[in-house]
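What follows is a short report on a single structure.
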Amino acid sequence: METAISPELAAKAERDDLLTLGVEEEYLLVDAVEPRAAEAVDAVFAEMPGDLRDGVQHEFYRTQIEVASPPQLELDGLATSLRRLRSEVAAAARRAGARLVAVGTGPATGHNARIVDDERYHRMRARFGDLSPGQGMCGTHVHVSIPDPETGVQVLNHVRPWLPVLQAATANSPLSGGHDTGYASWRSMLWERWPTVGPTPYLRSHEHYLTLIGDLEASGAMLDEGMLYWYARLSANYPTVEIRMGDVMPTADDAVLLAALTRALVGTVLHEVQAGMEAPDVEHPLLMAAHWRAAHDGLEGLNIDMATREPRPAWRLMRQLFDYVRPELERHGDLGTATVLMERLRDRGTGAARQRALLARGASIGDVVDWLARATADEHAPTD
């Protein structure tokens, strides 16, 4: 789900030479008392304020709900929008007898959820079968404006080596079925079962991009362009690139940091594209290995330095990314906020690390879900 950029915002962005950004987040609905997922999405919609509904929609399962912020130029505006969406949808969930939880997969045991009664979702189930059993997988997607599709394809090529680092920062699904899976992002491992999920291939041109879409549709691997689940893609409807490999993160602060870094990364590589620099053609198996490492370790372990092809501490690579995009953070007015949020993430750890910290102190799965619900709604959470 995306929302359109207003003509006024587009004009301001062009005049000031700035990039717009927006965030989509998917959440899990859980029972008001038990930590299990609840098929409550229709009841939540019935409790939702009318002025909020344009930014909220169903997802694949009845245990999920998705929000989209309006496009923004100011990071503060994005933060305000995300906090309002989280708070209002969480309040609607409480009125419906459920809780809103920003987590990549359902931590607790429970029955497989039913899909939403939607013609497209029924066609997906008929074609692809039971590829995603469980309670739902919830991710974060960041949209950043681009001048045109041809430039956008080159942006996709340039951002490929950095996406495993950003994926590591979003890791927020270590638990599934009531136990620790051994992965910081179990959602990533489940998600990869779909045939079009994975790193974006190195693209020769926008024509090449469109040809691959046509070939994938013809192969039966996807029903339509909406099922192009590469970790970065062009929007089918708006002039944006969409970075979409991460788990939904526990707090609005986490999401705002991801958005700031993503916009700065796109802005940085746009300068390289405009200067005629070629993107590094990182080998696909190495990218796959780096994304697997991100899912396994999060930021608390190792990832692969694409320049040296050697494992490095993931936090060191995260700092390299921050330094690489620093000029664009500063140009967009985001450096101060991003610096504070980066330090906060360093101190607290990823969502996966925060969940495991609670368990290490003797918390139950139910306690973890309680904390996630508070963090999602921006209420006080004990590990913050």
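My numbering numbers the first residue of the sequence shown as 491 and each following residue consecutively.
Note that CB positions come from ideal geometry on N, CA and C, so glycine has one too.
- DSSP lists 635 as the bridge partner or partners of residue 730.
- Close CB contacts of residue 733 within its chain, under the 6 Å cut and outside five residues either way in sequence, are with 632, 722, 752 (chain order).
- A straight line joining the alpha-carbon of residue 787 with that of residue 498 spans about 43 Å.
- In the three-state reduction of the DSSP assignment, residue 704 falls in the helix class, which pools H, G and I.
- Distance from the CA of residue 796 to the CA of residue 537, rounded to the nearest whole angstrom, comes to 48 Å.
- In this structure residue 595 is in contact with residue 676, their Cβ atoms being roughly 5 Å apart against a cut-off of 8 Å.
- Residue 558 sits in a strand when the DSSP states are folded into three classes.
- Less than 8 Å divides the Cβ of residue 597 from the Cβ of residue 666.
- For residue 662, the secondary structure class from DSSP, reduced to helix, strand or coil, is coil.
- A Cβ-Cβ contact shorter than 8 Å links residue 736 with residue 630.
- Residue environment: residue 837 is assigned as exposed (fewer than 16 neighbouring CB atoms within 10 Å of its CB, all protein chains considered).
- Ranked by how close their Cα comes to the Cα of residue 516, the residues 542, 540, 525, 546 have 546 in first place.
- Inclusion of residue 749 and residue 568 in the CB contact set at 8 Å is warranted, their separation being smaller than that value.
- For the pair residue 626 and residue 518, the CB atoms are nearer than the 8 Å cut-off.
- In terms of Cβ geometry, residue 634 and residue 763 do not form a close pair [threshold 8 Å].
- A buried status is given to residue 589, since no fewer than 16 other beta-carbon atoms sit within 10 Å of its beta-carbon.
- For residue 768, there is no enclosing beta strand (DSSP E), as DSSP gives it neither H nor E.
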